[in-house]
Amino acid sequence: MIIKSADFICSNTQISKLPPPLKPEYAFIGRSNVGKSSLINMLTQKKGLAKTSQTPGKTQLINHFLVNENWYIVDLPGYGYARISKSKKEDWNKFIRTYLDKRESLQCVMVLIDSRLEPQKIDLEFCNWLGEKGLPFVTVFTKADKQSSIKTDQNIAKFRKALLASFEEAPQHFITSSENLLGRDEVLNFIDNINQS
Ligand code: GDP
Numbered sequence: 001m002i003i004k005s006a007d008f009i010c011s012n013t014q015i016s017k018l019p020p021p022l023k024p025e026y027a028f029i030g031r032s033n034v035g036k037s038s039l040i041n042m043l044t045q046k047k048g049l050a051k052t053s054q055t056p057g058k059t060q061l062i063n064h065f066l067v068n069e070n071w072y073i074v075d076l077p078g079y080g081y082a083r084i085s086k087s088k089k090e091d092w093n094k095f096i097r098t099y100l101d102k103r104e105s106l107q108c109v110m111v112l113i114d115s116r117l118e119p120q121k122i123d124l125e126f127c128n129w130l131g132e133k134g135l136p137f138v139t140v141f142t143k144a145d146k147q148s149s150i151k152t153d154q155n156i157a158k159f160r161k162a163l164l165a166s167f168e169e170a171p172q173h174f175i176t177s178s179e180n181l182l183g184r185d186e187v188l189n190f191i192d193n194i195n196q197s
């Protein structure tokens, strides 16, 4: 897919104020610092479209970016901040889970996972919740340039194996680097195929 345009449309703190669900959307989510903003900027090739390194615990926003005027990248707040209060975590849960569960134009959840890490409980729990809700998702292993491809493959294999405790088969996965465009074509083609179908 060629990206002709990518524009910020709106930030929301309320589900009721989201844009009308008339175009396919793809939600990007992961632990804070996983590289989500960098990945969105890399996919769209628009520096600064998504704001990188946001302060943990600040206002939880759902950001909509319209791509090629016909589909949305939805930037969801990161999860897993160590230092935010329990009540803020609960707010996060309610807000995001309502969005994911109820959004009729949502095509697929792109779950970002740091490829340098061994499987993390919070990521596995989130994938399991998506599975329980029957929400389509794929895993996107980020920051692959930071270590050898052998190490990346080992971590991915462990993550996929851990998912098999709950799923009959592990979901499709992508390996990306925002530094060197690794995985860009694959992720965009995946989205393009769904948009065309
Ligand atoms: P977010 O909090 O998930 O939006 O994460 P950011 O996109 O702000 O990235 C967090 C940090 O990781 C920043 O310092 C980025 O420069 C760095 N980073 C993100 N993606 C990559 C990547 O693919 N490769 C490398 N080497 N660094 C990355």
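Under my numbering, the residues of the sequence shown are numbered 1 to 197, in order.
Virtual Cβ for every residue (Gly too), placed ideally from N, Cα, C.
- Annotation: Val111 is outside any alpha helix (DSSP H); the continuous beta strand (DSSP E) that includes it extends over Leu106 to Asp114.
- For Asn63, the enclosing beta strand (DSSP E) begins and ends at Ile62 to Val67.
- With 16 or more neighbouring CB atoms inside 10 Å of its own CB, Leu100 falls in the buried class.
- The alpha-carbon separation between Cys108 and Asp192 amounts to approximately 12 Å.
- Around the beta carbon of Cys127, a 10 Å sphere encloses 16 or more other beta carbons of the protein chains shown; the residue is thus reported as buried.
- Rounded to the nearest whole angstrom, the CA to CA distance from Val111 to Thr139 is 5 Å.
- A distance below 7 Å separates the beta carbons of Ser38 and Ser178.
- Here the C-alpha atom of Lys36 lies approximately 8 Å from the C-alpha atom of Asp75.
- Of the candidates Ser5, Phe174, Lys151 and Arg160, the residue whose Cα lies closest to the Cα of Asn68 is Ser5.
- Thr152 has its alpha-carbon roughly 9 Å from the corresponding atom of Thr142.
- In the structure shown, Arg31 adopts extended strand secondary structure according to DSSP, grouped into three states.
- Here Leu124 really is in contact with Leu163; their C-beta atoms are around 7 Å apart, less than 8 Å.
- Relative to the non-hydrogen atoms of the ligand GDP, the Cβ of Asn155 never comes closer than 6 Å to any of them.
- With a threshold of 6 Å, the Cβ atom of Lys47 does not count as near the ligand GDP, since no heavy atom of the ligand is closer than that.
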